[in-house]
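Read the structure below first, then the notes.
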Amino acid sequence: MRNTFKTLLLALPLCVAALSANAADSAVGRWKTIDDKTGKVKSIVEITQAGNGTLSGKVVDILQSDKGPNPVCSDCSGTNKDKPVRGMTILWNLTSDGTASWSGGTILDPANGKTYKSKMKLQPGGTRLDVSGCVAFICRAQTWQRE
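Under mature numbering (1 follows the signal peptide of the UniProt record, and there is no 0), the letters of the sequence shown match residues -23 to -1, 1 to 124, in that order.
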């Protein structure tokens, strides 16, 4: 009994280390979006993983906006038209390639209402996420910081 307890006690830090290393390899979490033109933090996006393994991201807080503290997506179409940006899903259907990269998804830019093909890559250390959106061969990229 005593040996089992000692073994469990020694294994616990290893399990915690393995879990934290796994979290560093995941894009799941809260991210500060950094404007690619101004370099300023604009919002907080929370990325979650669905049961099928795809990632999606929702705006949970607006930190800076040209349209005030509670902007709406006035240039969006469909169900997002004139809806608040806070709470809006702006990133969806990203699938992992087996490493720290995801692709095949879509990203919405609430500032102009346009959607783009999206991909993401987690930088080593897990504190920065390269996010890009492309139409044909014209792309925009941002590096988000883990909150």
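Built from N, CA and C at the ideal position, the CB exists for glycine as well.
On a predicted model such as this, the values are computed, not experimentally measured, just so you know.
DSSP three-state label for residue i, please.
| i | result |
| --- | --- |
| ASN57 | helix |
| VAL37 | strand |
| VAL62 | coil |
| VAL5 | coil |
| GLY102 | coil |
| LYS96 | strand |
In terms of residues, what are the limits of the beta strand (DSSP E) holding residue i?
| i | result |
| --- | --- |
| ASP86 | 78 to 86 |
| ALA118 | 115 to 123 |
Going by alpha carbons, who is nearest to residue i out of the options?
| i | options | result |
| --- | --- | --- |
| ALA4 | ARG117, ALA118 and GLN100 | GLN100 |
| ASN47 | GLN26, LYS14, GLY6 and GLY64 | GLY64 |
Considering only their Cβ atoms, is the gap separating residue j from residue i smaller than 8 Å?
| i | j | result |
| --- | --- | --- |
| TRP79 | LYS94 | no |
| THR92 | ILE84 | yes |
| GLN41 | LYS19 | yes |
| ILE67 | VAL36 | yes |
Within its chain, find whatever has a CB closer than 7 Å to the CB of residue i; leave out the 5 residues flanking it on each side and keep chain order.
| i | result |
| --- | --- |
| TRP69 | SER33, GLY82 and THR83 |
| LYS9 | VAL18, ILE21, TRP121, GLN122 and GLU124 |
| GLY30 | THR72 and SER73 |
Cutting at 8 Å between CB atoms, please list the residues of its own chain near residue i, excluding the five before and the five after it.
| i | result |
| --- | --- |
| ASP2 | ALA77, LEU99 and GLY103 |
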